[in-house]
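Enquirer: Residue numbers (the numbering used here), protein chains in the order written: chain A, 14 to 375; chain B, 134 to 206.
Even for Gly, the Cβ is constructed at its ideal location relative to N, Cα and C.
Structure, rendered in C-alpha cells:
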C-alpha cells in the first residue's frame, strides 16, 4: 500500500491524474456531453440546481452523474486509505457565500477552472481571458494569505456529519436514474434542448466521475492550488497536473476533430473579454479564500470535510441565484445583472479577506 | 533556532503558509509541526524538502495526527 501511496503523492501521480482527466473529458464530449464541457464542475452543479428546480432555465437542467461520481469516488478512496475524516466548523457561513459568489463568477465566464482548461484545449481563445482572470483572482487571494487571512480551525466531529454529502449524492443518483416527478411538469426537470439535453450515457458519466473522484482524492488534484502554489511557494507540483490536463485534452481534441480555434462563436461561451476576465477573477479569489477549486471542494466533501460540503451547497444555491436573477451569461454575453453581481462579489471577498485575519503571533 | 507550529484543524493551505513563514523567519534549524490530515503532511513535507530541510515523522499522539520534525543545519 505504501508504494501506491507514494506514487499518487509523486510528480508522476499528479501528471497521471491530469492525463486521465485530459483523455476522458474530451471523450465524454464525444459521447454526448456539451462541447468543451466534458467535465465542468460549475456547469454540472448548475445543471443539478436546474434539475431540482432551483432555477428554471430549461436548457440547463440535468442531474449530472459525474458530480455524484466525484464525491463517491473520493469517498471510496478516502475509506480505502483511511483518510475519511469527518470535520467541520471553520467559518461555514462564510464558506457558503464564497461558494455562492464563486459560482456567480464562474457563470459569468461560463465555466469552472477545469472547463477553462478544456475550453483552451478546444481552441476557445476566450479561455485565455478566463485563465488570466483566474490567476489574478488567486494572486489577490495569496496576498490575503500572506497577510494572515485564515478562516479558523475545523474540529473533528461524529461520522454522521461526514456522511451527509455522500448520502445526498446517492439520493441524487437515484433521482438521476429514475427521474421521478414530484409535481406536474417536474421536478425532477430534464432539459429537452440546449446543453442540459446533451449528455453522455448515465453509466459512463458515473464511471468516469468515480474514477476521477478516486484519483483526485489520492493526488489532491486542484486547479486553484496549482496556481496558488506557484505564486505562494514557487512549487510546480500541482501545476504539472493542470498543464498535463490541458496538453492531453488538446491532443485528444485534435484526434477526435473537436479542435476549433478562435474567439467568436465558440460553444457555450461569449467573447466579452472584460467580463470573462472579471468573472473568473471573482471565482479565483473566492476559491483561494475557501482553499480549493470547485472540483477539490467536491473531493474534500467526500472525505468528510463538512466545510467543503457547505461551499458545494453554496455553489449549487449560487447557480439558482445566477439564473433566477439574470446574472449568468449566455452565448450573447453577460446577463443583465451579471456585471453588478461580480462587483458585489468582489467587494464581499475583499471584506472577508481583510476582516478574517489573525494577528501575527510573533 | 527552533519553532513549534500547531496546524491541526487548519485546512489547505494554512499549514503550508505557517511553515513557510517559519522557514523564512529562521532560515535553518528545527521546526516541529503538528498536522492532522495526510494531505497537510504531504504538502508540508514537500515544502520543507524544497527548502532544503530534512523531514522526519514522529510519534502520533492519537490516530490521524502527525508530528513532523523539519531540520536544516
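Leaving out the 5 sequence neighbours to the left and right, which residues in its chain are closer than 7 Å to residue 34 of chain A when beta-carbon positions are compared?
Expert: So the list reads 52, 225 and 258, once near-sequence residues are dropped.
Enquirer: May I have a chain-ordered list of the alpha helix (DSSP H) segments no shorter than 4 residues that lie completely inside the stretch 259-312 of chain A?
Expert: DSSP runs (the alpha helix (DSSP H)) wholly in the stretch 259-312 of chain A: 286-303.
Enquirer: Taking a contact to mean a Cβ-Cβ separation below 8 Å, would you say residue 120 of chain A touches residue 294 of chain A in this structure?
Expert: No, Cβ-Cβ distance for residue 120 of chain A and residue 294 of chain A is not below 8 Å.
Enquirer: Helix, strand or coil for residue 236 of chain A? Go by DSSP, reduced to three states.
Expert: It is helical.
Enquirer: If you draw a straight line from the C-alpha of residue 344 of chain A to the C-alpha of residue 168 of chain B, how long is it?
Expert: Between residue 344 of chain A and residue 168 of chain B, the C-alpha separation is close to 46 Å.
Enquirer: Quick one: Cα of residue 206 of chain B to Cα of residue 91 of chain A, how far?
Expert: The straight-line gap from Cα to Cα measures roughly 37 Å.
Enquirer: Which of the residues in the stretch 222-255 of chain A, read from start to end, lie with their CB under 9 Å from any CB of chain B?
Expert: Here the close residues are 233, 235, 238, 241, 242, 245, 246, 247, 248 and 250.
Enquirer: Using CA coordinates, which residue listed in A:153, A:134, A:135 and A:122 is at the minimum distance from residue 142 of chain A?
Expert: Comparing Cα positions, the closest option is A:122.
Enquirer: Buried or exposed: residue 187 of chain A, going by 16 or more other Cβ atoms within 10 Å of its Cβ?
Expert: Under this definition residue 187 of chain A is an exposed residue.
Enquirer: Hey, would you say residue 30 of chain A sits closer than 8 Å to residue 229 of chain A, going by beta carbons?
Expert: Against a cut-off of 8 Å, the Cβ pair of residue 229 of chain A and residue 30 of chain A comes out as a contact.
Enquirer: Report yes or no: do three or more beta-carbon pairs, one from the stretch 236-254 of chain A and one from the stretch 20-30 of chain A, lie closer than 8 Å?
Expert: Verdict: yes, contact present.
Enquirer: Can you list, in chain order, the residues of its chain with a C-beta nearer than 8 Å to that of residue 316 of chain A? Leave out the 5 residues immediately preceding and following it.
Expert: Within the same chain, residue 316 of chain A has close Cβ partners 87, 88, 91, 96, 97, 98, 175 and 230.
Enquirer: Are there any heavy atoms of the ligand SAH lying less than 7 Å away from the beta-carbon of residue 289 of chain A, as far as the coordinates show?
Expert: Judged by which ligands are present, the structure shown has none, so any question about the ligand SAH falls away.
Enquirer: Give the single residue among B:143, B:195, B:166 and B:196 whose Cα lies nearest to the Cα of residue 187 of chain B.
Expert: Among B:143, B:195, B:166 and B:196, the Cα nearest to that of residue 187 of chain B belongs to B:166.
Enquirer: Which partner residues of residue 100 of chain A appear in the DSSP bridge assignment?
Expert: DSSP output for residue 100 of chain A lists A:169 and A:318 as bridge partner(s).
Enquirer: Would you call the CB atoms of residue 82 of chain A and residue 222 of chain A closer than 8 Å?
Expert: Taking 8 Å as the Cβ cut-off, residue 82 of chain A and residue 222 of chain A qualify as a contacting pair.
Enquirer: Is it buried or exposed for residue 135 of chain A, if we count other Cβ within 10 angstroms and need 16 for buried?
Expert: Buried: at least 16 other Cβ atoms inside 10 Å.
Enquirer: Count the other CB atoms, across all protein chains shown, that sit within 10 Å of the CB of residue 69 of chain A; report buried if there are 16 or more and exposed otherwise.
Expert: Classification of residue 69 of chain A: exposed, given that the 10 Å Cβ count is below 16.
Enquirer: Whole angstroms is fine: what's the gap from residue 275 of chain A's alpha carbon to residue 132 of chain A's?
Expert: Their Cα atoms are separated by approximately 11 Å.
Enquirer: What separation, rounded to the nearest whole angstrom, lies between the Cα atoms of residue 281 of chain A and residue 209 of chain A?
Expert: Roughly 11 Å between the two C-alpha positions.
Enquirer: Would you decide whether residue 101 of chain A is buried or exposed? Buried here means 16 or more other CB atoms lie within 10 Å of its CB.
Expert: Residue 101 of chain A comes out buried.
Enquirer: Assess, as a yes-or-no matter, whether the stretch 233-250 of chain A is touched by the stretch 308-315 of chain A under the definition of 3 or more beta carbon pairs within less than 8 Å.
Expert: A contact exists between the stretch 308-315 of chain A and the stretch 233-250 of chain A.
Enquirer: Compare the Cα-Cα distances from residue 213 of chain A to each of A:146, A:47 and A:352 and report the closest residue.
Expert: Nearest option by C-alpha distance: A:47.
Enquirer: Should residue 79 of chain A be labelled buried (16 or more other beta-carbon atoms within 10 Å of its own) or exposed?
Expert: Residue 79 of chain A is buried by the Cβ-count criterion.
Enquirer: Name the DSSP beta bridge partners of residue 200 of chain B, please?
Expert: Its beta-bridge partners are B:167 and B:191.
Enquirer: Look up residue 162 of chain A in the DSSP assignment and give the residues it is bridged to.
Expert: For residue 162 of chain A, which the question treats as bridged, DSSP gives the partners A:370.
Enquirer: Just the chain A side, please: which residues come within less than 8 Å of residue 153 of chain B by C-beta, in chain order?
Expert: The contacting residues are 245 and 246.
Enquirer: Could you spell out where the beta strand (DSSP E) holding residue 345 of chain A opens and where it closes?
Expert: Taken as a continuous stretch (DSSP letters only), residue 345 of chain A belongs to no beta strand (DSSP E), as it is neither H nor E.
Enquirer: Around the C-beta of residue 14 of chain A, are 16 or more other C-beta atoms found within 10 angstroms, so that it is buried, or is it exposed?
Expert: Low confidence applies here, because residue 14 of chain A scores a pLDDT of 46, under 50, leaving its location unreliable; read the following figure in that light. By the neighbour-count rule (16 or more Cβ atoms within 10 Å), residue 14 of chain A is not buried but exposed.
Enquirer: Please classify residue 66 of chain A: does DSSP put it in a helix, a strand, or coil?
Expert: Of the three classes helix, strand and coil, the one that applies to residue 66 of chain A here is coil, per DSSP.
Enquirer: Is residue 61 of chain A near residue 40 of chain A, with beta carbons less than 8 Å apart?
Expert: Contact: no.
Enquirer: What would DSSP say about residue 157 of chain B, mapped onto helix, strand or coil?
Expert: Of the three classes helix, strand and coil, the one that applies to residue 157 of chain B here is helix, per DSSP.
Enquirer: What are the residues that DSSP puts in a beta bridge with residue 135 of chain B?
Expert: Per DSSP, B:163.
Enquirer: Per DSSP, what kind of secondary structure is residue 174 of chain B in: helix, strand or coil?
Expert: The answer is helix: DSSP assigns residue 174 of chain B an H, G or I state.
Enquirer: For chain A, is any of its Cβ atoms less than 8 Å away from the one on residue 168 of chain B?
Expert: Cβ-Cβ to chain A under 8 Å: no for residue 168 of chain B.
Enquirer: Compute the beta-carbon to beta-carbon distance between residue 116 of chain A and residue 328 of chain A, rounded to the nearest angstrom, for a pair I have assumed lies under 8 Å.
Expert: With 8 Å as the limit, residue 116 of chain A and residue 328 of chain A qualify as a contact, their Cβ atoms being about 4 Å apart.
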